[in-house]
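Residue numbers (my numbering): 4 to 288.
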């Protein structure tokens with residue numbers, strides 16, 4: 004006989020005895036076995052591995068084994084008579100490799116751990132000010148399926164918290180009615196968090212105006228609808244030098260104001276449906 008110091012696996016051997024050559028297959032059985040795990044964030048699914056000694060017998064109850072996941076070592080003990088040890092998996096959503104180490108034989112085995120977020124189908128949003136676009140997330144239950152209605156999701160955007168409940172499809176929605184700008188929104192459910200970028204585009208825009216006193220140059224504000232197209236027939240209010248003026252947009256979405264002020268510097272404010280912008284007007288002599 005020959006002592007084999009091989010790792011677990013299947014090997015082809017060649018044995019020559021006198022003039023006879025044999026080619027047996029040698030199978031070295033593993034002393035540690037685990038399976039890949041796919042689980043929802045912090046549900047009850049755990050990682051299990053089975054451990055044996057070099058004779059193929061299950062390690063005894065209470066025998067120490069070790070797990071390595073995400074660079075952290077965990078010592079656990081065999082429970083029961085079938086060489087079984089487990090490790091609770093409480094990591095954030097993502098992909099990991101776990102290594103089960105048999106301290107009796109020195110053998111180890113690696114498996115993949117995939118942790119699925121409880122919040123899915125979320126995405127970054129670019130929207131025009133106060134259009135109908137909402138931020139949505141789908142909530143996943145312990146069984147990996149969408150939850151039903153009535154589960155509470157907490158949203159945090161611009162430092163303000165909002166609680167919303169899921170519909171029958173497990174979807175929670177939040178209206179975005181913030182001023183134009185860039186924001187980060189965070190959704191949270193059962194300590195699971197996801198974040199996305201929210202960009203709110205302005206529907207009202209204008210450029211600073213520099214003109215010579217007495218010339219017919221107008222101040223022009225441009226109004227867009229929720230899809231970014233010119234919005235005609237809507238009233239834009241201007242405030243310049245403390246006086247209010249209402250003007251209706253034309254087919255190009257332009258609201259125009261004649262400027263008949265004396266030479267000087269002024270600030271003009273344009274307003275529509277809660278949106279306001281400020282520009283400078285400079286009139287030279």
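Backbone N, C-alpha and C define an ideal beta-carbon position, used for all residues, glycine too.
- DSSP places residue 274 in the strand class (E or B) of the three-state scheme.
- Within the stretch 203 to 266, no complete alpha helix (DSSP H) segment of 4 residues or longer occurs.
- DSSP lists no beta-bridge partner residue for residue 92.
- In the DSSP assignment, residue 85 falls outside any beta strand (DSSP E) and carries neither an H nor an E.
- For the 8 angstroms CB-CB criterion, residue 64 and residue 33 do not form a contact.
- If the five residues before and after residue 99 are omitted, its C-beta is found closer than 7 angstroms to the C-beta atoms of 72, 73, 116, all from its own chain and listed in chain order.
- For residue 152, there is no enclosing beta strand (DSSP E), as DSSP marks it with neither H nor E.
- For residue 23, the enclosing beta strand (DSSP E) has its first and last residue at 23 to 25.
- For residue 172, the secondary structure class from DSSP, reduced to helix, strand or coil, is coil.
- Under the three-state reduction of DSSP output, residue 269 falls in the strand class.
- Taking C-alpha positions only, residue 151 is separated from residue 173 by approximately 5 angstroms.
- Counted as a single uninterrupted DSSP element, the beta strand (DSSP E) harbouring residue 137 occupies residues 137 to 142.
- Inclusion of residue 254 and residue 207 in the CB contact set at 8 angstroms is not warranted, their separation being larger than that value.
- Partner residues in the beta bridge of residue 102, as assigned by DSSP, are 71, 113.
- For the pair residue 188 and residue 138, the CB atoms are nearer than the 8 angstroms cut-off.
- Counted as a single uninterrupted DSSP element, the beta strand (DSSP E) harbouring residue 191 occupies residues 184 to 192.
- The shortest CA-to-CA distance from residue 247 to any of 236, 141, 257, 261 is the one to 261.
- Rounded to the nearest whole angstrom, the C-alpha separation of residue 166 and residue 128 is 19 angstroms.
- Segment contact: the stretch 77 to 92 against the stretch 54 to 64, three or more CB-CB distances shorter than 8 angstroms; contact assigned.
- With respect to residue 284, residue 222 sits close: the two C-beta atoms are nearer than 8 angstroms.
- Note on geometry: alpha-carbon atoms of residue 47 and residue 190 lie some 22 angstroms from one another.
- Put simply, of 263, 45, 39 the residue whose alpha carbon is nearest the alpha carbon of residue 96 is 45.
- Among the bridge pairs identified by DSSP, residue 177 is matched with 138.
- The closest CA to that of residue 203, considering only 133, 145, 110, is found on 133.
- In this structure, residue 212 lies away from residue 256, with their beta-carbon atoms at least 8 angstroms apart.
- The C-alpha of residue 177 lies about 12 angstroms from the C-alpha of residue 125.
- Per DSSP, reduced to three states, the secondary structure at residue 44 is coil, with no helix or strand assignment.
- When only Cα atoms are considered, residue 249 and residue 214 end up about 21 angstroms apart.
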